[in-house]
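So the sequence shown is residues 1 to 257, counted in our numbering.
Where a beta carbon is used, it is the ideal one built from N, C-alpha and C, also for glycine.
Structure record follows, encoded as C-alpha cells.
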Amino acid sequence: AYWASQRPTYDRIVDAIEGRLRAEDRPLKEILREDLYTKILKAVQEADVDPDVVKAFMRTPAFESLAGAILYTGIFEFVQRADILGNVVNSLPVIGPMRKEVNKALKETLDQTLGSQIKDFLGTQSRPAVEQMIQFILSEDNKKSFGSSGRRLADFIMTRPVSSLMPSEDSMGTIRDEGFLVFREVFGTIAEQDDLLDSFFERFGDEQFGTFLPELTPTAKKGMLKVWQRFLDSEASGLDLTPDSGSGKRIRERDLE
C-alpha cells in the first residue's frame, strides 16, 4: 500500500523530467561544459572493451543472421558484377537480340540456383565468420581504430538535440515502469516515507544537493536546482520539510547552492 501510494508522485517527477528533455532543442555539446565534453570523448576513446560483453552480443542468432546477410550480398554482387555468363555469351556466335535473350535467361536461372546454394553455404559459415569478427574487434592491433570510431560516435550523439535522443513514448513507458520497480527493490525494506528520508539524511546529511549533480554548465545546473526546489515547495511532493521541534526529528535542510 505504501509503494502504491508513492507511484503518482514518482510519475509526476518522471513526467516533469521527460517534458523538459523532450522540449530541449540544444545539443548535449552546448549544455555540458567544454572540459567535461572533452573528458567524455577521451574516456570513450580510451575505454577498454569487455571481451565477454562483445562475445555475448555477437554470439546471437540475430547477429549471425546479419553476418550471413552481409556475406550473401557481397558474394551475389560480385557474381553479378563480374558478369561471368555475359562474357561467355558474348563470345558465342549469336546475333544481338538473341544474345540479350540468352543472357537474360541465364541470369534468371543463376539467381534461382546460385542464390539458394549461397544461402545453404552461409548457413554453415555465418558462425565462423562471427568468431572472426570477434577476434578482429578484440585484437590489440585494432584497439586504436575502434577507439577513434567510438569517439566519433560519441561526438555525433552529443551534437544532436537532446530531444532527438529521447526514446519513443512506448519505450519511455517501459523505462518508467522498470525504474519504479528498481526503486522499490532498492528501498524495499522502507515501510514509511519518514524512514526513507531519515536513512538518506543519515548517510548524506552533510552533503549539499548540488554535489549529486553531474558536471554541467552553471546555467544548466541552476535550472535543475530550481526544478527540484519547486518540487520540494509543492504539495505534490508529499514531503513535510518543516522541522518539528517536539519530535526530535532531523531538520531537513534544502541548501541547494
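P167 carries a coil assignment under DSSP once its states are collapsed to helix, strand and coil.
Distance from the CA atom of Y10 to the CA atom of A16, rounded to whole angstroms, is 10 Å. Counting along the chain, D25 sits inside no alpha helix (DSSP H), nor does DSSP assign it H or E at all. With respect to the C-alpha of A67, the residue from I134, D141 and F183 having the closest C-alpha is I134. K29 has its alpha-carbon roughly 10 Å from the corresponding atom of V162. One alpha carbon belongs to L153, the other to Y37, and they sit about 13 Å apart. In the DSSP assignment, A43 falls within the unbroken alpha helix (DSSP H) covering E34 to E46. With respect to the 8 Å criterion, L32 and M166 are not classified as neighbours on the basis of their beta carbons.
Residue pairing by DSSP places P161 opposite P27 in a beta bridge.
Apart from sequence neighbours up to five positions away, the residues of its chain that approach Y72 with a beta-carbon distance below 6 Å are I118 and L122, ordered along the chain.
Going by beta carbons, G150 and V44 fall inside the 8 Å limit. The DSSP-derived three-state label of S5 is helix. Beta-carbon to beta-carbon, M172 and E18 are separated by about 6 Å, close enough to satisfy the 8 Å threshold. Around the beta carbon of V182, fewer than 16 other beta carbons sit within 10 angstroms, so the residue counts as exposed.
Counting the other Cβ atoms within 10 Å of the Cβ of I175 gives fewer than 16, which makes it exposed.
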